[in-house]
Structure formats: structure tokens, C-alpha cells
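Structure first, then comments.
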Amino acid sequence: MLELSAVPGLPEIRPGDDLAALLSQAAEFSPTDVVAIAHKVISKAEGRIVRLADVVPGPRALELAAEHAKDPRLLEVILSESAEVVRADAGRLICRTRHGFVCANAGVDASNATEPDTLVLLPLDPDASARGLRAALPGRPAVIVTDSFGRAWRQGQCEIAIGIAGLTPLQDWRGLPDIAGREMHATVIAIADEAAAAADLVRAKDSREPAVRIRGLGRHVTAEDGPGVAALVRRAEDDLFR
1 MLELSAVPGL PEIRPGDDLA ALLSQAAEFS PTDVVAIAHK VISKAEGRIV RLADVVPGPR
61 ALELAAEHAK DPRLLEVILS ESAEVVRADA GRLICRTRHG FVCANAGVDA SNATEPDTLV
121 LLPLDPDASA RGLRAALPGR PAVIVTDSFG RAWRQGQCEI AIGIAGLTPL QDWRGLPDIA
181 GREMHATVIA IADEAAAAAD LVRAKDSREP AVRIRGLGRH VTAEDGPGVA ALVRRAEDDL
241 FR
């Protein structure tokens, strides 16, 4: 059985805030718990915020702005966060970030930004953010840093893990028998992504409940911080959508 509950009462997060202290004041955590936390509060605490007024667009950003009717300052920030622009079409930019994530606008977003005309970026190293938060939380629960991504062939966004500490990212069933005794060859369950998506169902996008405590995943929680999100990122050479 899984039990998920949003952590209540967190204030608006600002650069330099102590997330671990705020979370521990709002809820108790055990070593077998998992905390799924929206990346934006981590990004805000880490100062990953850009004011559009401070951005000077370069030639490529100006070119894309003319082609796609976008603010060139926004495009400059997206380009600065991108290792590669995979596709630019109909006003949408699909980018590969320095972390290896393929997503819209390199994860750059204005929603739930602290101030008008500001953008929130992904954490520089979401795995390191997850490890730091885990180490600072009483009880040392596992931590998942989450973000909303679109999906190939599907409408709508789904929350996924972009940083992990203390949780097995994948459960590999290959080589095991299915219910009929046939050997499974392709079944690898994305535990961290499924936990992130489940957490998103118990919090509202317009609430101040960015963190969710998950209980019932103790068998997937590890004493070590583990490999992080890299295990979930498909290698470029294996990406059939590129």
C-alpha cells in the first residue's frame, strides 16, 4: 500500500532559504519515506532565477525570435541552458539540457516564478540537490526532485524524476518469469518516475504544497544515495525520436 500526503504550510521560497529546516518543521520523516519535491522550490532556494531585464539576447536568440514570434530574451536563456536544440517548430523549442534531459524550453519556465518577468531554471545538479536535502532532513528519507515533462505520442504533462537520492531508480524484471512462466525480456519499471507522477496527484499546481511524503516504497529505499537520475536518461544513440 502507498500513502501519499502533501507537506502543508511551506512559505514562498526565496534564494538562500533552508528547505530542510522548513520541511522538518512541517512534517516528520522516517528512513523508509520518500520525499518528492518540485524542482522549482529547490531552484528558488539555490538562486536559479533570471530576470528578463538582465538578459541581452545574442544573434541566435534574435534569429529564433523572428522565426517563432518569441521574446528574444526568453530564447537567450533557453539557449544558455541547452546543450542542443533538438527541434524548433511552431513556436516550440525541444532542447537537450546539460543534464541530458530532452524537454520543452530546456526546463526554463515562468510559471510560479517569485516575481513578474522572471524565469526559473532547473537546478545546476538536481542529483546533488537531492543528496544535500536528504542529508539535511531528520530521518534521512529518500528524495526525488521532480518536474513536469511532455511525452512522445501522448497529450498532457507528467511529473518525472530529475534528481534522486536514496531511491532505486529502476526495477529490472528482465530474466524473471511472468504470470504464465514466460521469461520477460523488456520490463524495466521506472520506480522514481512513477513515484514522482503519483506525488503530483496529491498536490495542486497553484498551491504551496511542492513537497509530498510517500510511504510504502521502503523496499526501494537504499542507505546509499545511489546512481541518481542518470539511470533513467536514455542515451542519445538509443533515442529513436531524435
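According to full-length UniProt numbering, the sequence shown is numbered sequentially starting from 1. In this text, a Cβ means the ideal position worked out from N, Cα and C, and glycines have one as well. The model shown is predicted, which means the values in this text are computed figures rather than measured ones.
Under 8 Å between C-beta atoms of Ile-144 and Ala-161 | yes
Please name the residue, chosen from Ala-20, Ala-26 and Leu-19, that lies closest to Pro-8 on a Cα-to-Cα basis.
-> Ala-26
Does the stretch 35-42 come within contact of the stretch 56-73, defined as at least 3 CB pairs closer than 8 Å?
-> no
Could you work out which residue in Leu-10, Glu-84, Asp-18 and Ser-5 is closest to Ala-136 when comparing CA atoms only?
-> Asp-18
Any contact of the stretch 200-210 with the stretch 37-54, i.e. 3+ C-beta pairs under 8 Å?
-> yes
Excluding the five sequence neighbours on either side, which residues of its own chain have a C-beta within less than 8 Å of the C-beta of Trp-173, listed in chain order?
-> Met-184, Thr-187, Val-188 and Ile-189
Alpha carbon to alpha carbon, how far is Arg-234 from residue 251? Give it in angstroms, no decimals.
-> Outside the shown range of the chain, which is 1 to 242, sits residue 251, and nothing can be said about it.
For Arg-131, which option in Ala-104, Leu-119, Gln-155 and Gly-163 has the closest C-alpha, if you only look at C-alpha atoms?
-> Gly-163
Please report the Cβ distance between Ile-78 and Cys-103, rounded to the nearest whole angstrom; I am assuming they are in contact, meaning their Cβ atoms lie under 8 Å.
-> Not confirmed; about 11 Å, so no contact.
Helix, strand or coil at Gly-107 according to DSSP, with G and I counted as helix | helix
Same chain, Cβ closer than 7 Å to Ser-24, five either side skipped, listed in chain order = Leu-137 and Pro-138
To the nearest angstrom, how far is it from the Cα of Arg-219 to the Cα of Ala-196?
-> 16 Å
Examine chain B for any beta-carbon lying closer than 8 Å to the beta-carbon of Leu-22, and answer yes or no.
-> In the structure shown, chain B does not exist; there is a single protein chain.
Excluding the 5 residues preceding and the 5 following Pro-169 in the sequence, name in chain order all residues of the same chain whose CB lies nearer than 6 Å to its CB.
-> Ala-192, Ala-231 and Leu-232
For Leu-121, count neighbouring C-beta atoms within 10 Å of its own C-beta (all shown protein chains included) and say buried if the count is 16 or more, exposed if not.
-> buried
Is it true that the CB of Glu-12 sits closer than 8 Å to the CB of Thr-114?
-> yes
Check whether the Cβ atoms of Gly-226 and Ala-180 lie closer than 8 Å to each other.
-> no
Residues in its own chain within less than 8 Å of Thr-97 by CB, not counting five upstream and five downstream?
-> Glu-81, Ser-82, Ala-83, Cys-103, Ala-106, Gly-107 and Leu-122
Buried/exposed call for Asp-147, threshold 16 Cβ in 10 Å | buried
Beta-carbon proximity of Leu-4 to Ala-198, cut-off 8 Å = yes
Give every residue of the same chain whose Cβ lies closer than 7 Å to the Cβ of Gly-100, excluding the five residues on either side of it in the sequence, and list them in chain order.
-> Val-233
Count the other CB atoms, across all protein chains shown, that sit within 10 Å of the CB of Val-229; report buried if there are 16 or more and exposed otherwise.
-> buried
Report the three-state DSSP secondary structure of Gly-218 (helix, strand or coil).
-> helix
Name the DSSP beta bridge partners of Pro-177, please?
-> Glu-183
According to DSSP, is Ala-231 helix, strand or coil?
-> helix
Using the rule of at least 16 other Cβ atoms within 10 Å of the residue's Cβ for burial, across every protein chain shown, is Arg-134 buried or exposed?
-> buried
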